[in-house]
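Numbering (the working numbering), first residue to last: 524 to 656.
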Amino acid sequence: MSGQPTEAELLGLVEAFYARVRSDPELGPLFEGHVEDWTEHLERLGAFWSSVMLGSGRYKGNPFAAHLKLRDRLEPALFARWLALWRATAAERFPPEIAAELDARAGRIAVSLQAGLLFRPEGAPSGPEPQRA
């Protein structure tokens, strides 16, 4: 392996990682209830990590919008669990320097998603907007 992962290696990482996520007692139910087509999801996430790590530009989605529907079910502990599984999977599949870069980028993404999805101004409701008559 060179100093940079290949597309195939990144897809392998995504597949191995989401196999762990799906069997995880905390994350599994969340993802199983949200992801309708796992083949398509894994391909999309492979494109995402290709864009993140290789600058390929293959990912055309919006990660924030993709997670917005889960906003009321997300909490910091789930992000921490996601990162722990990601870190372990990357460490098993890549040399330390690549695993560290994958971990660092995943950490920045998690911080950004948490800031956008979990931030609630003081006094703001945590759920959907109340219905107005």
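In this text, a Cβ means the ideal position worked out from N, Cα and C, and glycines have one as well.
Do residue i and residue j have their C-beta atoms within less than 8 Å of each other?
i: G535; j: V544; result: no
i: R628; j: D547; result: no
i: H564; j: L593; result: no
i: L641; j: L606; result: no
i: G584; j: L533; result: no
Residue i lies in the alpha helix (DSSP H); which residues open and close that run?
i: E563; result: W561 to L577
i: L597; result: That residue, L597, is in no alpha helix (DSSP H); it is neither H nor E in DSSP.
i: R543; result: E530 to S546
i: V634; result: P619 to L641
i: E555; result: L550 to E555
Below 8 Å on the Cβ atoms is my contact criterion, and I expect residue i with residue j to pass it. Report the Cβ-Cβ distance as a whole number of Å.
i: F540; j: W609; result: 6 Å
i: A633; j: F587; result: Contact doesn't hold; Cβ gap of about 12 Å is too wide.
Hey, how far is the Cα of residue i from the Cα of residue j?
i: E530; j: D595; result: 33 Å
i: L577; j: F617; result: 15 Å
i: V575; j: E566; result: 14 Å
i: E538; j: L625; result: 15 Å
i: L636; j: A542; result: 22 Å
i: G580; j: A622; result: 21 Å
i: H590; j: G639; result: 10 Å
i: A613; j: F571; result: 16 Å
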